[in-house]
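Undergrad: Below is the structure I would like to discuss, written out as structure tokens.
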Amino acid sequence: MLTALCKESFERTYWSPALGSLAVIVNLIILSFAKKIWLVYIASCIGSLFFITLPVLRSKLTRMIEVDEYAIVFIGAGVIEVLGHSGLGIAGNSIYNASMNFFSGLVFIVFASIGLLPIALIGYLAFLERHASKDSNVEARLTYDEDMVRAPLLTDIISGVNKVPLVRPMCIRYFQWTLKPAKIIATNCTTTTSIVAACQSYEVSWNNHCYYLDGSNGSCITGYSLATNAVLNCINSLFIGKNYRNTTSNDCCIWTADTYECFGFNVDCNNPGPFTEAPILGGANCINQVLRYSQQLTFCGSD
């Protein structure tokens, strides 16, 4: 609702839970006026679409919290679900008994009105995620952290010692409304060779290497290995018009050589190619994620 009011495009992954919630509302409205048994069956069929809502919202929730917070969050969600179900049952019986003499379907109308609340919340979350993704694409930059990395000195190169420390970089993280760029090693996004690698149609050629995206759960084909977030930051726009190498992903966050997944697709999340957008830093809420789904989106480059 808020996304529509603000003339923002509604994030595609939110359509499923919104549709499920709307199906429940339609189901309840039909039941409130149903006088024929066939209307009850139609209402039940429409209401069954609600099954798509909770799995999608739980998937969204896993991207908003840390791995070590899963247990407490889902325990809390389960408790709220049980208490809510019991509370609505008690409230429904009370409303039905009080309204049975003048409108027996009033309880369904009341519950349908309550059903507007999750749709409003879904719209609000979609609105926030859309703006968070835009902010990460415009404002976030991969920058050097002087405490973690420095360029090798000439004496280091001569002596054959590279003193640049190896670190596992974090991505950006959102704390309420504040965008905080975390520590991450930057890569100079300039062409260092005039040689152009002969790459496949689904690959991006850069600095005599070929790079591709695939739903391969962290695995790369022979002759390729996981590439870094920093490299992906340099060439992400070149993936527009490309396809998955072989397998469509089932999660939007991109597994790289770094510990944390920092990049993700918004519009093209888990959809067959060709890609119509570039994977962006913080896209699809991929912020310091460590996700390992069976077809996790993976970024590979030639050795």
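Numbering (my numbering), first residue to last: 4 to 306. Built from N, CA and C at the ideal position, the CB exists for glycine as well. Since the model is a prediction, treat every value here as computed from it, not as a measurement.
1. Determine, using beta carbons only, whether Cys-223 and Leu-229 come nearer to each other than 8 Å.
2. Alpha carbons only, please: which of Pro-58, Arg-295, Ala-233 and Asn-269 is nearest the one belonging to Trp-258?
3. Would you check if the segment 31 to 45 and the segment 86 to 104 touch, i.e. whether three or more CB-CB distances between them fall below 8 Å?
4. Which term fits Gln-292, buried or exposed, when burial requires 16 or more other beta carbons within 10 angstroms of its beta carbon?
5. Hey, would you say the C-beta of Gly-79 is under 7 Å away from at least one heavy atom of the ligand GDP?
6. So, with DSSP's three-state summary, where would you put Gly-218?
7. I'd like to know whether the C-beta atoms of Asn-232 and Ile-283 end up nearer to each other than 8 Å.
8. Label Ala-143 either buried or exposed according to how many other C-beta atoms from any shown protein chain fall within 10 Å of its C-beta, with 16 as the threshold for buried.
9. Return helix, strand or coil for Trp-18, following the three-state DSSP convention.
10. So what does DSSP say about Tyr-227, is it helix, strand or coil?
11. Which class does Thr-301 belong to by DSSP, given the choice of helix, strand or coil?
12. What does DSSP give as the partner residues of Gln-292 in its beta bridges?
13. Can you tell me whether Asp-254 is helix, strand or coil according to DSSP?
14. Can the beta-carbon of Ile-49 be found closer than 8 Å to that of Ala-21?
15. Take every Cβ of the segment 200 to 207, pair it with every Cβ of the segment 266 to 274, and state whether three or more of those distances are shorter than 8 Å.
16. Please name the residue in Gly-218, Ser-219 and Val-234 whose C-alpha comes closest to that of Asn-211.
17. To which residues does DSSP link Cys-213 through a beta bridge?
18. Under the three-state reduction of DSSP, which class applies to Ile-283: helix, strand or coil?
19. Specify the secondary structure class of Pro-277 as computed by DSSP and reduced to three states.
20. Going by CA-CA distance only, name the one from Asn-253, Phe-278 and Asn-236 that's closest to Asp-261.
21. Between which two residues does the alpha helix (DSSP H) harbouring Asn-96 extend?
22. How would you call Lys-39, buried or exposed, if buried means at least 16 neighbouring beta carbons within 10 angstroms?
23. Short check: CB of Thr-56 to CB of Ser-24, under 8 Å?
24. Can you round the beta-carbon distance between Gly-221 and Gln-298 to whole angstroms, since I take them to be within the 8 Å contact cut?
25. Closest to Ser-208 by C-alpha separation, out of Leu-86, Val-85, Asp-306 and Ser-107, would be which residue?
TA: Straight from the coordinates:
1. As a first step, residue 223 is located in the sequence shown; it is residue number 220 there, counting from the start. As a first step, residue 229 is located in the sequence shown; it is residue number 226 there, counting from the start. Going by C-beta atoms, Cys-223 is nearer than 8 Å to Leu-229.
2. Taking the sequence shown and counting its residues from 1, one reaches residue 258 at position 255. Comparing Cα positions, the closest option is Arg-295.
3. Touching, no.
4. Within the sequence shown, residue 292 is the residue found at index 289, counting from 1. Classification for Gln-292: buried.
5. As far as ligands go, the structure on display features none, and thus does not contain the ligand GDP.
6. Start at 1 with the first residue of the sequence shown, and residue 218 comes out as number 215. The answer is coil: DSSP assigns Gly-218 none of H, G, I, E or B.
7. Indexing the sequence shown from 1 puts residue 232 at position 229. Indexing the sequence shown from 1 puts residue 283 at position 280. Not closer than 8 Å, so no.
8. For the purposes of this step, residue 143 is identified with residue 140 of the sequence shown, where counting begins at 1. Unreliable placement is indicated for Ala-143, whose pLDDT of 42 sits below 50; no coordinate value is reported for it.
9. Taking the sequence shown and counting its residues from 1, the one referred to as residue 18 is at position 15. Annotated three-state conformation of Trp-18 is helix, per DSSP.
10. Numbered from 1 along the sequence shown, position 224 holds the residue referred to as residue 227. It is a strand residue.
11. Indexing the sequence shown from 1 puts residue 301 at position 298. DSSP, reduced to helix, strand and coil, places Thr-301 within a strand of the structure shown.
12. Counting from 1 along the sequence shown, the entry for residue 292 is found at position 289. Paired residues: Glu-264.
13. On the sequence shown, position 251 is the one that residue 254 refers to. In this structure, Asp-254 counts as strand in the three-state DSSP scheme.
14. Mapped onto the sequence shown, residue 49 falls at position 46. Mapped onto the sequence shown, residue 21 falls at position 18. No, these two residues do not count as a Cβ contact at 8 Å.
15. No: the two stretches stay apart, fewer than three of their Cβ pairs being nearer than 8 Å.
16. By one-based count along the sequence shown, residue 211 stands at place 208. Residue Val-234 holds the alpha-carbon nearest to the alpha-carbon of Asn-211 among Gly-218, Ser-219 and Val-234.
17. The sequence position of residue 213 within the sequence shown is 210, counting from 1. Assignment of beta-bridge partners to Cys-213 by DSSP yields Ser-208.
18. Your numbering for residue 283 matches position 280 in the sequence shown. DSSP places Ile-283 in strand when its eight states are reduced to three.
19. The sequence position of residue 277 within the sequence shown is 274, counting from 1. Here Pro-277 sits in coil by DSSP.
20. Numbered from 1 along the sequence shown, position 258 holds the residue referred to as residue 261. Per the Cα distances, Asn-236.
21. Along the sequence shown, one-based indexing puts residue 96 at 93. DSSP places Asn-96 inside the alpha helix (DSSP H), whose first and last residues are 73 to 102.
22. As a working mapping, residue 39 is identified with position 36 in the sequence shown. Counting every other CB atom within 10 Å of its CB across the protein chains shown gives Lys-39 a total below 16, marking it as exposed.
23. Numbered from its first residue, the sequence shown carries residue 56 at position 53. Numbered from its first residue, the sequence shown carries residue 24 at position 21. Cβ atoms of Thr-56 and Ser-24: closer than 8 Å.
24. Counting from 1 along the sequence shown, the entry for residue 221 is found at position 218. Counting from 1 along the sequence shown, the entry for residue 298 is found at position 295. About 10 Å separates the two Cβ atoms, so there is no contact after all.
25. Working through the sequence shown from its first residue, we reach residue 208 at position 205. Minimum Cα distance to Ser-208 is reached at Asp-306.
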